[in-house]
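Engineer:
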Amino acid sequence: MGATMNESAIAVATRFWRVTGILSAHDQLELRLGYLSEESDGAQEEPESKLAAKLYGMSGELLLTHPLSVRTCGGGRTRMVRGAIPFPSATRVIRFEYGGRTIEEVAVPAAGPEVELTWHPTERVRGKAHVTWRGEHPLGLKLDYFLRYSHTNGVTWSPISLRTSADHQEIDFDQLPGGERCRLAVMATDGVNTRLARSSPFAVAVKPCRTMILEPSAPITAPAGTPIALRGQGLWLEEGRPELAQLSWQSSIDGPLGDGDRIETLLSAGMHQITLTAGDGDRAGTSGVTIEITP
Numbered sequence: 003m004g005a006t007m008n009e010s011a012i013a014v015a016t017r018f019w020r021v022t023g024i025l026s027a028h029d030q031l032e033l034r035l036g037y038l039s040e041e042s043d044g045a046q047e048e049p050e051s052k053l054a055a056k057l058y059g060m061s062g063e064l065l066l067t068h069p070l071s072v073r074t075c076g077g078g079r080t081r082m083v084r085g086a087i088p089f090p091s092a093t094r095v096i097r098f099e100y101g102g103r104t105i106e107e108v109a110v111p112a113a114g115p116e117v118e119l120t121w122h123p124t125e126r127v128r129g130k131a132h133v134t135w136r137g138e139h140p141l142g143l144k145l146d147y148f149l150r151y152s153h154t155n156g157v158t159w160s161p162i163s164l165r166t167s168a169d170h171q172e173i174d175f176d177q178l179p180g181g182e183r184c185r186l187a188v189m190a191t192d193g194v195n196t197r198l199a200r201s202s203p204f205a206v207a208v209k210p211c212r213t214m215i216l217e218p219s220a221p222i223t224a225p226a227g228t229p230i231a232l233r234g235q236g237l238w239l240e241e242g243r244p245e246l247a248q249l250s251w252q253s254s255i256d257g258p259l260g261d262g263d264r265i266e267t268l269l270s271a272g273m274h275q276i277t278l279t280a281g282d283g284d285r286a287g288t289s290g291v292t293i294e295i296t297p
């Protein structure tokens with residue numbers, strides 16, 4: 003069997019219109035400002051869906067039909083719409099149909115936003131920074147902004163902020179993966195057209211393994227003789243992978259307790275500072291929790 007029109011469109015698409023919204027009980031669609039992206043996740047069509055986006059060209063010709071995902075949440079009171087629609091560059095109008103009836107229409111603005119990153123990084127960035135930018139639209143349209151961050155010199159990007167209509171955001175680089183050629187970018191969208199402004203490269207310190215004690219997640223008190231369950235893991239920010247093997251537990255009173263992502267131990271009476279170490283060498287990270295054992 004050959005590929006469908008949408009399968010072919012997804013395969014060759016270089017940009018996707020990412021859209022979210024709410025479908026009311028009366029089948030009215032309320033959309034948030036969408037944006038264009040090269041990321042294709044979420045582009046799979048929902049062939050059984052009653053909601054579809056139809057993209058038309060300048061002469062009214064149909065370019066693409068894309069059934070969209072509709073998910074019920076909030077006890078069935080709310081229907082969430084979410085998708086990534088393959089976006090032909092000739093698209094001028096997007097119509098949303100529900101059960102064959104048009105319920106919303108989006109005109110693609112004839113011009114796109116303009117955006118400039120006015121935050122200029124130093125050679126090495128650390129701690130919190132007040133990131134600023136300037137954006138405008140030649141047609142005076144409302145703009146939304148997103149911040150993206152790359153520790154791979156722009157090879158991969160990660161979102162680091164929620165959408166905002168403001169022109170500034172505080173970013174804590176001590177919480178971000180590090181590297182010698184990091185970049186920050188601001189995306190501006192008018193709902194469809196999207197522009198990106200990137201910073202020059204800068205260095206951010208590579209982080210030790212981020213260590214998390216999952217159990218107990220807060221200080222506890224237990225009587226002597228009670229088995230204490232300890233569970234945790236590490237996370238390598240730069241590599242984007244968990245550390246589940248190189249994990250060691252230690253008590254400030256009883257010394258080494260064992261290795262692994264979960265252990266069970268008996269502690270002597272007293273106020274213990276339990277430390278989990280994840281990873282080894284210069285990038286080993288630690289986290290702690292207090293456990294009081296009563297006589």
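Residue 3 is where the sequence shown starts when you use the working numbering, and the numbers rise one by one after that.
C-beta atoms are modelled at their ideal positions from N, C-alpha and C, and glycine is treated no differently.
#1: Cα-Cα, which of C211, V188, G234 is closest to P218?
#2: Rounded to a whole number of angstroms, what is the C-alpha to C-alpha distance between V206 and Q177?
#3: By how many angstroms is the C-alpha of T124 removed from the C-alpha of Q46?
#4: Which value, in whole angstroms, describes the spacing of the CA atoms of T80 and V72?
#5: Can you tell me whether Q177 is helix, strand or coil according to DSSP?
#6: Are the segment 283-296 and the segment 198-216 in contact at 8 angstroms, needing three or more beta carbon pairs?
#7: Below 8 angstroms between beta carbons: does that hold for V188 and W135?
#8: Cutting at 6 angstroms between CB atoms, please list the residues of its own chain near L119, excluding the five before and the five after it.
#9: Which one of T93, E40, L70, S51 has the shortest CA to CA distance from M60?
#10: Counting pairs of Cβ atoms below 8 angstroms between the segment 145-157 and the segment 94-111, do you hit three or more?
#11: Specify the secondary structure class of T6 as computed by DSSP and reduced to three states.
#12: What residue does the beta strand (DSSP E) around V117 start on, and which one ends it?
#13: Round the Cβ separation of I24 and V83 to the nearest angstrom and send it over; I've been treating them as touching at under 8 angstroms.
#14: Would you decide whether T166 is buried or exposed? Buried here means 16 or more other CB atoms lie within 10 Å of its CB.
#15: Under 8 angstroms, do L259 and S253 count as touching if we go by C-beta distance?
#16: Which runs of the alpha helix (DSSP H) at least 4 residues long sit entirely within the segment 55-118? Give them in chain order.
#17: Please determine, among E294, P179, L57, R20, the residue with the shortest C-alpha to C-alpha distance to F204.
Structural biologist: The short version:
#1: In the sequence shown, residue 218 corresponds to position 216, counting from 1. Closest by alpha carbon: G234.
#2: If you number the sequence shown from 1, residue 206 lands on position 204. If you number the sequence shown from 1, residue 177 lands on position 175. If I take the Cα positions, the gap works out to 10 angstroms.
#3: Stepping through the sequence shown from its first residue, residue 46 is reached at position 44. Stepping through the sequence shown from its first residue, residue 124 is reached at position 122. Near 41 angstroms, if we compare the C-alpha coordinates of T124 and Q46.
#4: If you number the sequence shown from 1, residue 80 lands on position 78. If you number the sequence shown from 1, residue 72 lands on position 70. Going by the C-alpha atoms only, they are around 10 angstroms apart.
#5: To locate residue 177, count along the sequence shown from 1; it is residue 175. Reduced to three states, the DSSP call for Q177 is helix.
#6: yes
#7: Locating residue 188 in the sequence shown gives position 186, where the first residue counts as 1. Locating residue 135 in the sequence shown gives position 133, where the first residue counts as 1. It is a contact, given that the beta carbons lie within the stated cut-off.
#8: Indexing the sequence shown from 1 puts residue 119 at position 117. Within the same chain, L119 has close Cβ partners W135, V188, A199, S201.
#9: Walking along the sequence shown from the start, residue 60 turns up at place 58. Cα-wise, what sits closest to M60 is T93.
#10: no
#11: Position 4 of the sequence shown, counted from the start, is the residue given in the question as residue 6. Low local confidence applies: a pLDDT of 44 at T6 is under 50, so the model's placement there is unreliable, and no value is given.
#12: Working through the sequence shown from its first residue, we reach residue 117 at position 115. 116-119 is the span of the beta strand (DSSP E), which, as asked, contains V117.
#13: The count along the sequence shown starts at 1 and reaches residue 24 at position 22. The count along the sequence shown starts at 1 and reaches residue 83 at position 81. Indeed they touch by this definition, with Cβ atoms about 7 angstroms apart.
#14: Here residue 166 corresponds to residue number 164 of the sequence shown, with the count starting at 1. T166 should be labelled exposed.
#15: Counting from 1 along the sequence shown, the entry for residue 259 is found at position 257. Counting from 1 along the sequence shown, the entry for residue 253 is found at position 251. Contact: yes.
#16: none
#17: Position 202 of the sequence shown holds residue 204. F204 has its Cα closest to that of P179, out of E294, P179, L57, R20.
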